[in-house]
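Contents: one structure, followed by commentary.
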Amino acid sequence: MPTLRHTDADDRAGFTFRSRLPLESRRSTLPFLIDTLRLKRSLDAAVERGELYRYELGADLLGNVFTTDSTWADEDAFVAWVGTELHRRIMAKYGDRLGTPTFERIPGPTTVG
Numbered sequence: 001m002p003t004l005r006h007t008d009a010d011d012r013a014g015f016t017f018r019s020r021l022p023l024e025s026r027r028s029t030l031p032f033l034i035d036t037l038r039l040k041r042s043l044d045a046a047v048e049r050g051e052l053y054r055y056e057l058g059a060d061l062l063g064n065v066f067t068t069d070s071t072w073a074d075e076d077a078f079v080a081w082v083g084t085e086l087h088r089r090i091m092a093k094y095g096d097r098l099g100t101p102t103f104e105r106i107p108g109p110t111t112v113g
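Position 60 of the sequence shown, counted from 1, bears residue number 60 in the numbering used here, the numbering being contiguous throughout.
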């Protein structure tokens with residue numbers, strides 16, 4: 001699947017967060033993809049507010065794995081977005097349907113792009 005959003009490279013500092021979310025059942029793939037598009041709108045709003053510099057959402061539909069790669073302005077913006085009702089509700093919905101997710105936080109400063 002192509003990247004859903006990736007802002008242009010620039011020299012802003014921030015930190016990068018990456019996740020790999022494997023789904024255990026193919027039955028969850030389409031609903032998860034639909035919920036990912038809901039999250040995309042929320043991420044777009046964070047970009048517009050300057051809290052999120054860039055993001056990429058990927059999906060390996062054959063492997064049943066979704067990935068994220070995002071660069072945030074600061075920890076407060078990231079924590080606030082993760083704590084939104086939408087994100088919490090979606091992650092709770094799939095918590096028992098995920099395999100072992102992996103998360104990586106790359107501290108800033110980081111060059112976006």
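Each residue gets a CB set at the ideal place from its N, CA and C atoms; glycine is no exception.
Is any beta-carbon of chain B found at less than 9 Å from that of residue i?
| i | result |
| --- | --- |
| F32 | Looking at the structure shown, chain B is missing, and only one protein chain is on hand. |
Run the CB neighbour count on residue i, radius 10 Å, all protein chains shown included, and call it buried at 16 or more, exposed below.
| i | result |
| --- | --- |
| Y70 | Correcting the residue identity first, residue 70 is Ser in this sequence and not Tyr. By the 10 Å Cβ count, S70 comes out buried. |
| L39 | buried |
| L30 | exposed |
| F32 | buried |
| F66 | buried |
| T100 | exposed |
| L37 | exposed |
Among the candidates the options, whose CA atom is the shortest distance from the CA of residue i?
| i | options | result |
| --- | --- | --- |
| P22 | D60, H87, L86 and K93 | D60 |
| S28 | M91, G108 and F103 | M91 |
For residue i, I'd like the list of residues in its chain whose CB is within less than 7 Å of its CB, leaving aside the five on either flank, ordered along the chain.
| i | result |
| --- | --- |
| D8 | Because D8 sits at a pLDDT of 48, beneath the cut-off of 50, its placement in the model cannot be relied upon, and the following sentence gives the value as read from the coordinates. Taken in chain order, the list of residues that qualify is empty. |
Counting only the same chain and skipping the five closest in sequence on each side, list residues whose C-beta sits under 6 Å from that of residue i.
| i | result |
| --- | --- |
| D96 | none |
Let's see if you can read the secondary structure: which residues bound the alpha helix (DSSP H) around residue i?
| i | result |
| --- | --- |
| R18 | No alpha helix (DSSP H) contains R18, which is instead part of the beta strand (DSSP E) from F15 to P22. |
| L98 | Looking at the DSSP string, L98 is not in any alpha helix (DSSP H), and its letter there is neither H nor E. |
| R38 | T29 to E48 |
If I follow the unbroken beta strand (DSSP E) through residue i, where does it start and stop?
| i | result |
| --- | --- |
| T68 | V65 to W72 |
In its own chain, which residues sit with a C-beta less than 8 Å from the C-beta of residue i, not counting the 5 before and 5 after it?
| i | result |
| --- | --- |
| L98 | L21, P22, L23 and E24 |
| A73 | R12, G14, G50, E51, L52 and Y53 |
**Request:** State whether the region 43-52 contacts the region 67-81, with contact taken as three or more CB pairs (one from each stretch) at a distance under 8 Å.
**Result:** Taking 8 Å as the limit for Cβ pairs, the verdict is that the region 67-81 does touch the region 43-52.
**Prompt:** Below 8 Å, can you find three or more Cβ-Cβ pairs linking the region 37-49 to the region 9-28?
**Reply:** The region 37-49 vs the region 9-28: no contact.
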